[in-house]
């Protein structure tokens, strides 16, 4: 039996992970530690609220006293750290918020977890820390970090802190770096939910630049399964890249969703490119496949169908979520 502290568990990937974990390991206890910023939706975990092995604690990862209190109260043995500011556009507008949460918050959490004697700390990061690729090549765990946005720079900073805690203190930190996630409960500001929700309302769909920026897409349940392998089998001090093996241009994704919804491509509107927009990401997940036996299971076409169906069936959720963040 484990007691997990999951930070950012009201967010997109965190809430999917908690649901995944409670379903597969009902004997474990999960403590969800989340500040409930605009992207943290209480509705994401409403179904777990009454479970005896689930607890929600509202708190800031940068608040050492609050983190120390929850670690001590629950005798946590495993931390899975999702909590982060993650939207590139917002990082360009307000970089200091990303430094505070992603760098200072991770540093605070690492120190308090070390003090509490946590036996495993899984730090969830992103492929964006590697920067941009050209038309060829792929990110591996040894690719140098070369972040290009305030968001990715703050995540790279948190990754280096995680590494330092292993190298300096022998603290059992494992870092994962994933490609672009998609699926149910993703906040409406991100690309795929933006396309879906705007298309459902027959609104113009903005596409940055020429729309040919390439991303590797990973269905969120596949990501959760990969983290499961890391929690149970990963080696402290290691980095594991988690990719979906689904490289597509942004324009490909827009067109696929419009086709799934039966909407015309005339909704597409090309807009000026954003600052520091990386041209291509691609992850090599060979290490986690060979060492931990994980591979993605959900093809992109199937994952998009599931995701479109979920947003179509949960309009009240995404409308309320958007209002919390100042959207429609």
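Numbering (the UniProt record's numbering), first residue to last: 1 to 328. Built from N, CA and C at the ideal position, the CB exists for glycine as well. Bear in mind that the values here come from a model prediction, so they are computed numbers and not experimental data.
query = Taking only runs of the beta strand (DSSP E) that begin and end inside the region 197-223, which ones reach a length of at least 3 residues, in chain order?
reply = Assignment of beta strand (DSSP E) within the region 197-223, counting only whole runs of 3 or more residues, yields 205-208 and 214-219 in chain order.
query = If you compare alpha carbons, which of 288, 308, 317 and 252 is closest to residue 141?
reply = Closest by alpha carbon: 288.
inquiry  = Here's the rule I'm using: 16 or more other beta-carbon atoms within 10 Å means buried, otherwise exposed. How should residue 235 be labelled?
reply    = So residue 235 ends up on the exposed side.
inquiry  = Which residue wins for smallest C-alpha separation from residue 242, given the options 203, 5, 286 and 256?
reply    = The alpha carbon of residue 242 has as its nearest neighbour, out of 203, 5, 286 and 256, the alpha carbon of 286.
request  = Verify whether the separation of the beta carbon atoms of residue 41 and residue 219 is less than 9 Å.
outcome  = Pairing residue 41 with residue 219 gives a Cβ-Cβ distance that is not under 9 Å.
request  = State whether the region 46-64 contacts the region 95-111, with contact taken as three or more CB pairs (one from each stretch) at a distance under 8 Å.
outcome  = They touch, by the three-pair rule.
key: Length of the line joining the Cα atoms of residue 248 and residue 258   = Near 15 Å, if we compare the C-alpha coordinates of residue 258 and residue 248.
task = Tell me whether residue 327 sits in a helix, a strand or coil according to DSSP, three-state version.
result = Residue confidence for residue 327 is low, a pLDDT of 48 falling below 50, so the modelled location carries little weight; the figure read from the coordinates is stated next. Note: residue 327 maps to coil in three-state DSSP.
inquiry  = Please report the distance separating the alpha-carbon of residue 53 from that of residue 212.
reply    = Distance from the CA of residue 53 to the CA of residue 212, rounded to the nearest whole angstrom, comes to 45 Å.
query = Would you call the region 188-195 and the region 150-166 touching, i.e. three or more CB-CB distances under 8 Å?
reply = Note that the region 188-195 does not touch the region 150-166; fewer than 3 beta-carbon pairs, one per stretch, sit closer than 8 Å.
task = Starting from residue 249, trace the beta strand (DSSP E) both ways and give me its first and last residue.
result = The continuous beta strand (DSSP E) containing residue 249 extends over residues 247-249.
request  = Following the continuous alpha helix (DSSP H) through residue 18, name the residue where it begins and the one where it ends.
outcome  = Its alpha helix (DSSP H) spans residues 12-24.
query = Would you call the CB atoms of residue 44 and residue 6 closer than 9 Å?
reply = Cβ distance not < 9 Å, so residue 44 and residue 6 don't count as in contact.
request  = State the DSSP-derived secondary structure class of residue 266, mapped to helix, strand or coil.
outcome  = In the displayed model, residue 266 falls within a helix according to three-state DSSP.
message = Short of 6 Å in beta carbon distance, which residues of its chain neighbour residue 88, apart from the five on each side in sequence? Order them along the chain.
response = Counting only Cβ-Cβ distances below 6 Å, and skipping sequence neighbours, we find 149 and 151.
ask   = Is residue 77 near residue 176, with beta carbons less than 9 Å apart?
value = The answer is no: Cβ separation not under 9 Å.
Integer Cβ distance of residue 280 from residue 133, believed to fall under 8 Å = Yes, they are in contact, since the Cβ atoms of residue 280 and residue 133 sit about 4 Å apart, within 8 Å.
inquiry  = Rounded to the nearest angstrom, what separates residue 147 and residue 129 at their Cα positions?
reply    = A direct Cα-to-Cα measurement between residue 147 and residue 129 gives close to 5 Å.
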